[in-house]
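Enquirer: Below is one structure. I have some questions about it.
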Amino acid sequence: MPSNTITPGPAPDLTDYDIICGNLSGGADSRAMQHVLMEAAKATGVADRVWTFHASLGPMEWPAVTVGGHTYASVAQLAARQSRESGVPRSRHLERTKMRDDGAGGQEPYDLLTYTALYGRFMRLGTRYCTKGFKEQLEEASHTPEVRRLRPLLGRPVRILKVLGLRGEESTDRSRRPAYRTVKSNSARHVDEWLPTKAWTKAQVRELHAEQGYEWHWCYDSEPGACDWLGSSRCSCSSCFLASRRDSLLGVLRRPRITEAIALVEQVRGDSFRPDISMADLIALSKRPGAPAPGVVIEDEGPEFARMMERLHWALAQEPRRLPELALSAPPRALLPVISV
Numbered sequence: 522m523p524s525n526t527i528t529p530g531p532a533p534d535l536t537d538y539d540i541i542c543g544n545l546s547g548g549a550d551s552r553a554m555q556h557v558l559m560e561a562a563k564a565t566g567v568a569d570r571v572w573t574f575h576a577s578l579g580p581m582e583w584p585a586v587t588v589g590g591h592t593y594a595s596v597a598q599l600a601a602r603q604s605r606e607s608g609v610p611r612s613r614h615l616e617r618t619k620m621r622d623d624g625a626g627g628q629e630p631y632d633l634l635t636y637t638a639l640y641g642r643f644m645r646l647g648t649r650y651c652t653k654g655f656k657e658q659l660e661e662a663s664h665t666p667e668v669r670r671l672r673p674l675l676g677r678p679v680r681i682l683k684v685l686g687l688r689g690e691e692s693t694d695r696s697r698r699p700a701y702r703t704v705k706s707n708s709a710r711h712v713d714e715w716l717p718t719k720a721w722t723k724a725q726v727r728e729l730h731a732e733q734g735y736e737w738h739w740c741y742d743s744e745p746g747a748c749d750w751l752g753s754s755r756c757s758c759s760s761c762f763l764a765s766r767r768d769s770l771l772g773v774l775r776r777p778r779i780t781e782a783i784a785l786v787e788q789v790r791g792d793s794f795r796p797d798i799s800m801a802d803l804i805a806l807s808k809r810p811g812a813p814a815p816g817v818v819i820e821d822e823g824p825e826f827a828r829m830m831e832r833l834h835w836a837l838a839q840e841p842r843r844l845p846e847l848a849l850s851a852p853p854r855a856l857l858p859v860i861s862v
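Take my numbering: the final residue in the sequence shown is number 862, and no numbers are missing along the way.
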C-alpha cells in the first residue's frame with residue numbers, strides 16, 4: 522500500500538491518533554517497544570489513548586512452568602503483566618484467540634497446529650497464516666467495537682496506530698520494512714504501523730531490561746530462573762519455522778509432546794515443518810551429542826493440550842485444503858549435523 526501516513530514524515534505524532542495499540546508478544550523486544558511507546562505517549566499527553574494487544578496461539582505458545590515451587594509466567598500472562606506495568610489499565614489490554622465452530626452451535630479455540638493439519642501445508646515465508654489469520658485479523662476485529670463507537674463521534678475514519686517491536690537486526694525482511702507506514706485505510710478506519718525500536722540491537726534490548734528491572738520470559742534462559750539469556754534467542758512459538766537451528770532443538774527438547782504432534786502432521790500430510798529440515802529430523806538431531814541442554818522439560822498435560830490433540834486427530838482424518846506438491850516431489854533430506862553450543 523502506498524505510504525499515506527496520518528503524520529507526514531518518518532515518524533508518527535501520537536496526538537494525531539485516536540487509538541494507539543502496542544502489540545505485546547510477551548517477548549523482550551515487545552517489552553522494549555512498549556517502554557518507548559509509553560514514554561512517548563506520556564510526553565505528549567496521550568497515554569489514555571494507548572491500548573495493548575496479545576494474540577494467543579494457545580498450546581503452541583510457551584506455557585507457564587513451575588520449578589522449585591516458583592511459577593514462571595506463560596507468554597500470554599507476561600504480556601498482560603507487561604501491559605499493566607507500563608501503565609495501561611486492564612480494560613485496555615486485549616487478548617484474543619482464533620475461534621471456530623465446535624459443531625454443537627458454540628465456539629472453541631482454533632489452535633495453529635490443527636489449522637495446519639486441515640490446511641495441509643506448513644507455513645512458509647510466502648504463506649505465514651500464523652501472522653495473518655491468527656494475529657493481524659484478530660487485532661483488527663478486537664478494535665471494531667471502539668471503531669464503531671468513535672466513528673460517528675469523530676465524523677471521519679478512526680485513526681489507529683499499530684505499534685510493533687520488530688527490529689531490523691532480526692532479518693533481511695524486517696530490515697527493509699519501513700519504520701512508519703500505512704497498512705489499511707477505508708471509510709471506517711485508517712491504520713498506520715510504527716516500529717519505534719527498529720534500529721535497536723539485541724544488546725540494547727537486554728540493557729533496557731537490566732536498567733529498568735523488567736522481567737523477561739523464562740524461555741530466554743538456560744533454565745527457568747537462571748536469568749542468563751542462554752536459552753532461546755527469540756520468544757515466538759516454542760516451535761517456529763523461522764527459528765534458528767539451536768532454538769528449534771531447544772523447542773524439541775523442552776516440549777517433546779508438541780514436537781511429536783508436529784512430526785505426526787508431517788507424516789500424515791507429507792510436508793516438512795521447515796523447508797530445510799523436518800521435525801522428525803530435528804527430533805533425531807536432538808538426541809545426538811552437542812544438542813543444547815533443555816534446562817526444563819514440559820509435560821504438556823491438562824485439558825487444553827488434550828483437547829488440541831483430539832482436534833488434531835480429527836483434522837488429520839479430513840481431506841486437506843492444499844496438497845504439498847513441492848514437499849512431496851522434493852528429494853529426501855539428509856540429517857544435518859548439530860550445531861555445537
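Every residue gets a Cβ at the ideal spot worked out from N, C-alpha and C, and that includes glycine.
1) Go ahead and pull the three-state DSSP assignment for arginine 680.
2) Round the Cβ separation of isoleucine 527 and arginine 570 to the nearest angstrom and send it over; I've been treating them as touching at under 8 Å.
3) Using alpha carbons as the reference points, say which of Glu732, Glu660, Glu728 lies closest to glutamate 901.
4) By alpha-carbon positions, which one of Val712, His711, Arg710, Arg727 ends up nearest to glutamine 718?
5) Quick check on glutamine 603: buried or exposed, where buried means 16 or more other Cβ atoms within 10 Å of its Cβ?
6) Beta strand (DSSP E) containing arginine 710: first to last residue?
7) Could you spell out where the beta strand (DSSP E) holding tyrosine 741 opens and where it closes?
8) Are there three or more Cβ pairs, one per stretch, closer than 8 Å when the stretch 564-580 is compared with the stretch 696-715?
9) When the distance is taken between beta carbons, is cysteine 758 closer than 8 Å to methionine 620?
10) Report all residues from its chain with a CB closer than 7 Å to the CB of glutamate 629; omit the five preceding and five following residues, and keep chain order.
11) Once you ignore the five residues that flank cysteine 740 on each side, which residues in its own chain have a CB closer than 7 Å to its CB?
12) Output the distance between the C-alpha atoms of leucine 771 and glutamine 555, rounded to the nearest integer angstrom.
13) Should tryptophan 835 go down as buried or exposed, given a rule of 16 or more other Cβ atoms within 10 Å for buried?
14) Ignore the nearest five residues each way along the sequence and tell me which others in arginine 795's own chain have a CB closer than 6 Å to its CB.
15) What alpha helix (DSSP H) runs, 4 residues minimum, are completely inside the stretch 556-615?
16) If you drop the 5 nearest sequence neighbours on each side, which residues of the same chain put their C-beta closer than 7 Å to that of threonine 863?
17) Given a cut-off of 8 Å on the beta-carbon distance, is the pair arginine 790 and proline 841 in contact?
18) When you compare the stretch 657-674 with the stretch 685-693, are there three or more beta-carbon pairs, one atom per stretch, that lie closer than 8 Å?
19) Could you check if asparagine 707 is buried or exposed, using at least 16 other CB atoms within 10 Å of its CB as the buried criterion?
20) Given a cut-off of 8 Å on the beta-carbon distance, is the pair leucine 716 and leucine 685 in contact?
21) Enumerate, from N- to C-terminal direction, the unbroken alpha helix (DSSP H) stretches of 4 or more residues contained entirely within the stretch 764-792.
22) Can you give me the start and stop residues for the alpha helix (DSSP H) that lysine 719 sits inside?
Expert: So, from the listed chains and residues:
1) strand
2) Isoleucine 527 to arginine 570, Cβ: 13 Å. No contact.
3) The chain is shown from 522 up to 862; residue 901 falls before or after that span and cannot be answered.
4) Glutamine is not the amino acid found at residue 718; the sequence shown has threonine there. Measuring from the Cα of threonine 718, the nearest candidate turns out to be Arg727.
5) buried
6) 710-715
7) No beta strand (DSSP E) holds tyrosine 741; DSSP gives it neither H nor E.
8) no
9) no
10) Met620, Arg621, Asp623
11) Trp583, Gly752, Ser753, Cys756
12) 27 Å
13) exposed
14) Phe762
15) 596-606
16) What the structure shows of the chain is the stretch from 522 to 862, and residue 863 is not part of that stretch, so it cannot be assessed.
17) yes
18) no
19) exposed
20) yes
21) 766-775, 777-790
22) From DSSP, lysine 719 is part of no alpha helix (DSSP H); its letter is neither H nor E.
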